[in-house]
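Structure first, commentary second.
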Amino acid sequence: MQSAVRKREFSKLDELADQWALTVGEYIEEYALDDVVPGICMNPGCLYTAEVEPDQRQGWCEVCGTTTVRSGVVLAGLI
-18 MQSAVRKREF SKLDELADQW ALTVGEYIEE YALDDVVPGI CMNPGCLYTA
32 EVEPDQRQGW CEVCGTTTVR SGVVLAGLI
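Take -18 as the starting number for the sequence shown in our numbering and just add one per residue.
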């Protein structure tokens, strides 16, 4: 079960980086130390992104109406 969760997180991180026209490595280099970073909704099929705090784990998704937006820095395991 744990590996399925990490696989989904890595998939969402890849989608997030792609939406910002970056590779995952470039995303990490660009945002690892910033005060505001891109985050993505974790719901399946939703690709909503927004700028969030680096430690955000339950940000508001404007599309789904849920608190499912997670920071890419969190997804990368840096926080």
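Just so you know, even glycine gets a beta-carbon here, dropped at the ideal spot from N, CA and C.
Check: C-alpha gap between Tyr12 and Cys42, whole angstroms; Outcome: 21 angstroms
Check: Val55 versus Tyr29 - alpha carbon distance; Outcome: 16 angstroms
Check: Nearest to Val18 (by Cα), restricted to the options Thr49, Gly53, Ser(-8); Outcome: Gly53
Check: Where the alpha helix (DSSP H) containing Ile9 begins and where it ends; Outcome: 5 to 12
Check: N- and C-terminal bounds of the alpha helix (DSSP H) containing Val54; Outcome: 53 to 56
Check: Helix, strand or coil at Val18 according to DSSP, with G and I counted as helix; Outcome: strand
Check: Option nearest Gly58 by Cα separation, candidates Pro35, Val50, Gly40; Outcome: Pro35
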